[in-house]
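Student: Structure below; questions to follow.
Numbering (our numbering), first residue to last: 61 to 372.
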């Protein structure tokens, strides 16, 4: 069986086919040019530096190029990297790109079908109409987009997978605590990150769009909710609409994390909590997948640069 990126241990020689996910032409402190690369296959990613690079190399080894990568797995500042010995470009017409790109562990069609069932649980008419309207408007991008540039669920279909995971948590918590408005919590979970379809670019190299950089996904989705309500003649002054908008506006929890308001509803506090939990579990799992038993993981930027121990 052909080894994947995740299968290699520290100090082990690496030889595999992968796709270039990121490629930046840079100048080192010693005055030498290099390419800062990130290689990806179905199992994960690993960065590496291609030294003494020329401008032609930046065109040769650009994002989306499938290469034969030969080198050695190493660790730099607590994070895995590959020391590149040789790179060879493979003919794109002879490879199946789906074999190299990370995707959600659930098929798109299965997620689409499940969301149709989920919508039935949003029993408030205004919330149901808003959710269905926006899911229809951004359908394709929602099911193909990543949920983040680099931290959590940063793979194709990651946004839908993260949202679905949060809905599952919302359903379980609503079962446990009947005082929670189930329809409001599920509607909030469905919409909370939908603005990322605009905030983040599509494709292999995920970047923030101009609108994403200037406004952020929280402001974007609130504006989309307002537009949808206006188009469907739903009163924005109604309590239902104010509650729904508060759910998405407060879901980052703290003002310094981008929310213009802190949670002031039970359901908003729960939404913030399950968002944090699902993102944290994904980031920790991703780090532990690259860690040997009995060792600590690389530091995780999104979790205060903490490392996590991998037990057997």
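Each residue gets a CB set at the ideal place from its N, CA and C atoms; glycine is no exception.
By a C-beta neighbour count over all protein chains shown, 10 Å radius and 16 as the cutoff for buried, is residue 358 buried or exposed?
Tutor: buried
Student: How would you call residue 337, buried or exposed, if buried means at least 16 neighbouring beta carbons within 10 angstroms?
Tutor: exposed
Student: Could you have a look at residue 146 and say whether DSSP puts it in helix, strand or coil?
Tutor: If DSSP states are grouped into helix, strand and coil, residue 146 belongs with the strands.
Student: Just the C-alpha distance for residue 293 and residue 211, rounded to the nearest angstrom, thanks.
Tutor: 38 angstroms
Student: Can you tell which of 176, 72, 143 has its C-alpha closest to the C-alpha of residue 97?
Tutor: 143
Student: Whose CA, out of 130, 303, 298, 370, lies closest to the CA of residue 246?
Tutor: 303
Student: Kindly indicate which residue of 365, 329, 251 has the alpha-carbon position closest to the one of residue 344.
Tutor: 365
Student: Heavy atom of the ligand GDP less than 7 angstroms from the Cβ of residue 73, yes or no?
Tutor: No copy of the ligand GDP appears in this structure; indeed no ligand is present at all.
Student: For residue 117, collect the residues of the same chain with a Cβ closer than 7 angstroms to its Cβ; drop the 5 residues on either side in sequence, then sort them by chain order.
Tutor: 95, 110
Student: Using CA atoms only, rank isn't needed, just tell me which of 67, 354, 285, 99 is closest to residue 195.
Tutor: 285
Student: So, residue 173 versus residue 182, is the Cβ gap smaller than 8 angstroms?
Tutor: no
Student: What residue ranges within the stretch 204–239 form continuous alpha helix (DSSP H) runs of no fewer than 4 residues, ordered along the chain?
Tutor: 218–236
Student: Throw me the rounded Cβ distance for the residue 325 and residue 312 pair, which I believe falls under 8 angstroms.
Tutor: Not confirmed; about 15 angstroms, so no contact.
Student: Give a yes or no on contact between the stretch 246–257 and the stretch 223–233, applying the rule of three or more CB pairs nearer than 8 angstroms.
Tutor: yes
Student: Starting from the Cα of residue 124, find the closest Cα among 139, 161, 73 and give me that residue.
Tutor: 161
Student: Note down the Cα distance separating residue 87 from residue 93, rounded to an integer number of angstroms.
Tutor: 4 angstroms
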